[in-house]
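The next block holds one structure in the form of C-alpha cells; read it before the comments.
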Amino acid sequence: MDRILRPEGAVIIRDRVDVLNKVSKIAGGMRWNTQMQDHEDGPLVSEKILFAVKMYWVAGENITASTG
Numbered sequence: 468m469d470r471i472l473r474p475e476g477a478v479i480i481r482d483r484v485d486v487l488n489k490v491s492k493i494a495g496g497m498r499w500n501t502q503m504q505d506h507e508d509g510p511l512v513s514e515k516i517l518f519a520v521k522m523y524w525v526a527g528e529n530i531t532a533s534t535g
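Here the sequence shown is numbered in our numbering, starting from 468 and rising by one per residue.
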C-alpha cells in the first residue's frame with residue numbers, strides 16, 4: 468500500500484485492536500503518522516479505527532568516510 472498511496476494520503480482501517488496495533492507498528496516503520504480512535508459505539512467495543520497518513524520525506528545523505 469505504501470507504493471500506491473501518495474505522500475500525505477490517508478488510510479482508514481477498522482478492525483480488532485490486536486490487528487490495528489500490528490498495523491500501526493508497521494506503518495510507523497514506514498514513517499506514517501497513525502492515530503487510533505474508539506468505535507462509534509463506545510470504548511468498550513473490541514473494534515477500533517486506525518487513521519494513517521503517509522508523510523512526505525526524503526532520505527538524507529548518510530556518507531561515512533573510512534580511514535585506514
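We put the beta carbon where it would ideally sit given N, CA and C, even for glycine. What you are looking at is a predicted structure, and each value in this text was computed from that prediction instead of being measured.
### Query
Shortest alpha-carbon distance to residue 484 belongs to which of 474, 525 and 518?
By 1-based counting over the sequence shown, the position of residue 484 is 17. Nearest C-alpha to residue 484: 518.
### Task
Let me know the secondary structure DSSP gives residue 494 once reduced to three states.
In the sequence shown, residue 494 corresponds to position 27, counting from 1. Note: residue 494 maps to helix in three-state DSSP.
### Message
Going by the DSSP bridge assignment, what does residue 521 pair with across the sheet?
### Response
Residue mapping note: residue 521 aligns to position 54 of the sequence shown, counting from 1. For residue 521, which the question treats as bridged, DSSP gives the partners 499.
### Query
Candidates 515, 489, 495 and 487: which alpha carbon is nearest residue 521's?
Within the sequence shown, the letter at position 54 stands for residue 521. Looking at the Cα atoms, 495 is the closest of the given residues.
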